[in-house]
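Chemist: Structure provided below as structure tokens; questions to follow.
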Amino acid sequence: MDSAYTRTFEELIAEGASVPTEGWDFSWFEGRATEARPSWRYAESLAGRLGAARAVLDVQTGGGEVLDFALGRAPSVPALVAATEGWPPNVAKATALLAPRGVVVVAAPEDAPLPFADGAFDLVASRHPVTPHWAEIARVLRPGGTYFAQHVGPSSVFELVEYFLGPQPEEVRRGRDPEGERADAEAAGLEVVDLRAERLRMEFHDIAAVVHFLRKVVWMVPGFTVEAYEPQLRALHERIRAEGAFVAHSTRHLFEARKPAP
129 MDSAYTRTFE
139 ELIAEGASVP
149 TEGWDFSWFE
159 GRATEARPSW
169 RYAESLAGRL
179 GAARAVLDVQ
189 TGGGEVLDFA
199 LGRAPSVPAL
209 VAATEGWPPN
219 VAKATALLAP
229 RGVVVVAAPE
239 DAPLPFADGA
249 FDLVASRHPV
259 TPHWAEIARV
269 LRPGGTYFAQ
279 HVGPSSVFEL
289 VEYFLGPQPE
299 EVRRGRDPEG
309 ERADAEAAGL
319 EVVDLRAERL
329 RMEFHDIAAV
339 VHFLRKVVWM
349 VPGFTVEAYE
359 PQLRALHERI
369 RAEGAFVAHS
379 TRHLFEARKP
389 AP
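Taking my numbering, the leading residue of the sequence shown gets 129, the next gets one more, and so forth.
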């Protein structure tokens, strides 16, 4: 029998609450949770684009894991690569990981202007930005430059969100709508050249995985703590034991936009 089914609720909760949450390395979830990946394979696609770029900015890089992966597979490395990150533990992690590749990691709050000159980059990338700041992205791109990113879409993992928070207002469910982002990008002067969306199956196989996920992706259930949601966690633990994995669905969209050349 799987070890998760022989361990107590308290043991699983303690484990999920103790795993470090820095960075965007999700390897701890192996065997405990799964998520289907988008067909466009963002990190591999980014690697190919890095080979054709001279100056690159990765916005909200997290722990730098995706950029590090892409740089390791790029046919050539751009002369200049910079990254921004707003959460201090991730700044430290990204710096340690990316500095050996010559990447400059800049501590910058996610809602602040990008600390770079106008037209500094011919490629701006981002994987799962909290909010894309279109005017700033357009400003730091050179004419003819490209924004290439994977965004979280509307109602992502809302089966889990609404299990804890109850039904959400329609305006919340529609947040991060790709067509709304298209309009915002165009309003900032960018031309959207590719926009694709997919809905992807997720499975949580034990309550430790649920706890770690909600501690790591903090905007899903704001203010989440084990103590505050202990009754719901216990009920979900029993449900998983009785019925199998808790199923949810993430939403992702691939976004490519270009700054028009003069």
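Glycine is no exception: its CB is placed at the ideal position from the N, C-alpha and C atoms.
Can you check which of these residues, 387, 136 and 135, is closest to residue 263 by C-alpha distance?
Modeler: Closest option to residue 263, Cα to Cα, is 387.
Chemist: Could you give the DSSP three-state label for residue 159: helix, strand or coil?
Modeler: Looking at residue 159 - three-state DSSP - the assignment turns out to be coil, as it is neither helix nor strand.
Chemist: Could you check where the alpha helix (DSSP H) with residue 360 kicks off and where it finishes?
Modeler: First-last of the alpha helix (DSSP H) with residue 360: 358-371.
Chemist: Do the region 303-317 and the region 338-358 touch if we need at least three Cβ pairs shorter than 8 Å?
Modeler: Because the criterion of three Cβ pairs below 8 Å is not met, the region 303-317 and the region 338-358 do not touch.
Chemist: Under DSSP, the beta strand (DSSP E) around residue 322 begins and ends at which residues?
Modeler: First-last of the beta strand (DSSP E) with residue 322: 319-332.
Chemist: By the three-class DSSP mapping on this structure, what secondary structure does residue 305 have?
Modeler: Residue 305 falls in the coil class under three-state DSSP.
Chemist: Please state whether the Cβ-Cβ distance between residue 315 and residue 383 is less than 7 Å.
Modeler: It is not a contact, given that the beta carbons lie outside the stated cut-off.
Chemist: So what does DSSP say about residue 73, is it helix, strand or coil?
Modeler: No answer is possible for residue 73: the residues shown for the chain start at 129 and end at 390.
Chemist: Could you compute how far the alpha carbon of residue 369 sits from the alpha carbon of residue 339?
Modeler: Approximately 16 Å, taken between the alpha carbons.
Chemist: Does the contact criterion of 3 or more C-beta pairs under 8 Å hold for the region 319-329 versus the region 146-159?
Modeler: In short, these stretches do not touch, since the Cβ pair count stays below three.
Chemist: According to DSSP, is residue 286 helix, strand or coil?
Modeler: Here residue 286 sits in helix by DSSP.
Chemist: Taking 7 Å as the threshold (C-beta atoms), are residue 174 and residue 198 in contact?
Modeler: Yes.
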